[in-house]
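What follows is one structure encoded as structure tokens, with my remarks underneath.
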Amino acid sequence: MRRRKERIDRGIKVRSGDVFALCSWREMLYLAAPRMLPIVGLLVLSLALSVYWQRVLLSVSVFALLAISWDILAQSGMISLGQALFFGSGAYLAGIMNHYWGWPPAVTIPLATIFGGLLCTLLLTPVLRLRGIYFSMVTLVLPLMLVRIVEATRIFGGTEGLSGLASFPTRWVEIYLIIAALLAALFGFRRLMDSDFGLVLKGINDNDRSVMNAGINIYWFKIQALFIASSVGAFAGAFMTHVYLFVGMPVFALDYSILPIAAAVVGGIGTLAGSTLGAFILVPLSEILRGLGGLRIVFYGLFLVIFTVALPEGIFHYVQRKYHQFERWAEVER
Amino acid sequence: MSDFPLLGVRRLYKNFGGVQAIQDLNFELAEGELLGLIGPNGSGKTTAVNLITGFVKPAQGEILYRGRDITAWPPYKVVRLGIARTFQMVKPFYQLPAYKNMIIPLYSPRVKQMTGGKYGDRNAVALDLLEEVGFERDALVAYKAASALPQGYLKRLELAKAIALNPDLMILDELFSGLSLAEVASILPIIEKLRQQGKTIIMIEHRLKELFRIADRVIVLNFGQKIADGNVADVMESREVKNAYLGTE
Ligand SMILES: Nc1ncnc2c1ncn2[C@@H]1O[C@H](COP(=O)(O)OP(=O)(O)O)[C@@H](O)[C@H]1O
Ligand SMILES: [Mg+2]
């Protein structure tokens, strides 16, 4: 019997345009595997990891959310250098609601998500007309300013912050909440960005004159994207407040702004899965390098440089391309 | 119908630094008219369009649409009133299939308003509109990425995007530039049909022969000033126009 190699998705693509026609278990698996992988992977990890690495997984998920938030903005034509603004706003709001009014995490986290999103959207709406680097500069400066305001006015505990905040009932609630949030954000917002609404956002990034010329108010769409992205970041912050049982000035630290960008770049800009993947590589790497002490940043930086030079498109785009090129043996009819 | 002309442009001025792009431009446009706007390169035709559609704010003067002052309105509001334009330089979303390029105009509040609060299936509407401007359905051209399409189809796509907005006034900025005679000949009937539907049209064109076959009236710009305004025969007879175009006395 003569055989030749063919791509696994050949049958699927040949039979249909963008509606998939599935004819075998193998094809079904081919399509489902990339979607199942993060779900199964996260569940297995949550059970298999030690308590210490479970903590790292929390941190990974939080940075993945911040990277997803960053990428939603980037796809809509807004380059944020201030994810810490979203994270910090959510963190402080949750802390304040818990410390002063005694509300439990089940109340503070949803409220901090919504009001953190609203607050950041209000702060940034006046500068939405600024283009490119000018918008980015404002996002960079805002969290730094907020830190100084907290320090100077001594509100919300000043430099001491607010401590002794409520914790989650158990470690498992903590871990499954963040995993559920990450999966929901990953799949939900991916769907959103693939919808016609997402197309308009990407259109604004590509050629805003053309979108305006369609009778669409691009600022209204940017505001919506900003609210979505900042709510995701605020959720991450509010969540961490109840993990650390503390909120203070470090929540506006530059780490929360820079690491998500690094994750998106390493993982692949323009895809939420890429941003997530990037966080899953960079955060554990940073943990492993912890033993190196002062040299940690050097190795970390070196790794980033090597990655961006070797795979400028990002890991996700690379893997995705290879996956589509997977081949199998097929019989040749004579 | 109202007593106002569809479009009124009054004492309009615009300069870019020292360049007077538009100087004291005045004209009125009646409903259903097809106006040709011509003039040498750099005479201010595109600037006039940008002023009417809100992409550029005038230094002085006013623009009236059905008697309503729309001077310096943002582009998206102008479109919602029923004015749609095409760009001289077409910039589609190259990585998207042609029909997906139609989604953004079909997402417009203008479309929702015209169809009674419903959008319908945008993909299906997009394919219908593209067929109307000559994307042969059997050949599946509409599914090709815009980057793979020749200029002729990109211009048709640009036209279809304007038609999708169901405008009353269409402004076509050099739709025919860069196209072959055959391509122009195949697009002309589409414009004739739009006219029969009662659309008012401003066409900026360098292809005078084709333009003069369909235009009711012609305005000639030179160095930002209107130097002639009237029916085709009269305008082409005027001395100023011959000077501007041929540079001879
Ligand atoms: N955005 C702009 N900035 C500076 N100058 C401009 C701009 N747009 C047009 N101009 C100038 O205004 C004049 C008219 O240009 P334009 O309206 O594009 O002419 P046309 O479309 O008739 O070829 C030209 O001298 C051009 O250089
Ligand atoms: Mg021009």
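Line by line, the protein sequences give chains U and S.
Note that the first sequence covers residues 3 to 336 in our numbering.
Note that the second sequence covers residues 198 to 446 in our numbering.
The beta carbon of each residue, even a glycine, is placed where N, CA and C say it ideally should be.
Residues of the stretch 259-273 of chain S with a C-beta less than 8 Å from any C-beta of chain U: P271, P272 and Y273, listed in chain order. By DSSP's assignment, U/F248 forms a beta bridge with U/S165. Going down the chain, each residue whose beta-carbon is closer than 7 Å to a heavy atom of ligand 2 shows up: S/K242, S/T243, S/Q285, S/D370, S/E371 and S/I401. Here S/D335 is exposed. Its C-beta has fewer than 16 other C-beta atoms within 10 Å. For the pair of segments examined, the stretch 292-304 of chain S was found not to touch the stretch 220-237 of chain U: the number of CB pairs separated by less than 8 Å stays below three. For U/V249, the CB contacts under 6 Å within the same chain, skipping 5 residues up- and downstream, are A93, Y94, G97, G163, L164 and T243 in chain order. Per DSSP, reduced to three states, the secondary structure at U/A216 is coil, with no helix or strand assignment. Only residues of its own chain outside the window of five on either side were considered, and among them G276, E315, G316, I317, F318 and H319 have a CB closer than 7 Å to the CB of U/G270, listed in chain order. Nearest in C-alpha terms to S/E328, of all of S/A345, S/Q285, S/R353 and S/Y316, is S/R353.
Distance from the Cα of S/K406 is smallest, within the candidate group S/M433, S/I399 and S/A425, for S/M433. Under DSSP, S/T397 shares a beta bridge with S/L366. Within its own chain, the residues whose Cβ lies closer than 6 Å to the Cβ of S/G421, once the five positions on either side in sequence are excluded, are Q217, A218, I219, Q220 and G241, listed in chain order. At a C-beta separation below 7 Å, U/D198 has these neighbours in chain S: I300, Y304 and R319. Assigned with DSSP and collapsed to three states, S/Q285 falls in coil, not helix or strand. The three-state reading of DSSP puts S/L391 in helix, counting H, G and I together.
Assignment of U/F318 by DSSP, reduced to helix, strand and coil, places it in the helix class. With contacts defined as CB atoms closer than 7 Å, U/Y258 and U/A86 qualify as a contacting pair.
Closer than 6 Å to some heavy atom of ligand 1: that does not describe the Cβ of S/A425. Chain-ordered listing is empty here: chain S has no CB closer than 9 Å to the CB of U/L194, the nearest sitting near 14 Å. The shortest C-alpha to C-alpha distance from U/I74 to any of U/T110, U/G190, U/I218 and U/V311 is the one to U/G190. Flagged as an interface residue toward chain U: S/F290, by a C-beta distance shorter than 7 Å. The C-beta of U/D210 comes no closer than 7 Å to any C-beta of chain S. The C-beta distance from U/A69 to U/A266 rounds to 5 Å, short enough to fall under 8 Å. When secondary structure is reduced to three states using DSSP, U/R28 falls in the helix class. Under a criterion of Cβ atoms nearer than 8 Å, no residue of chain U is adjacent to S/V438; the nearest Cβ is some 31 Å distant.
When DSSP states are grouped into helix, strand and coil, S/E228 belongs to the coil group.
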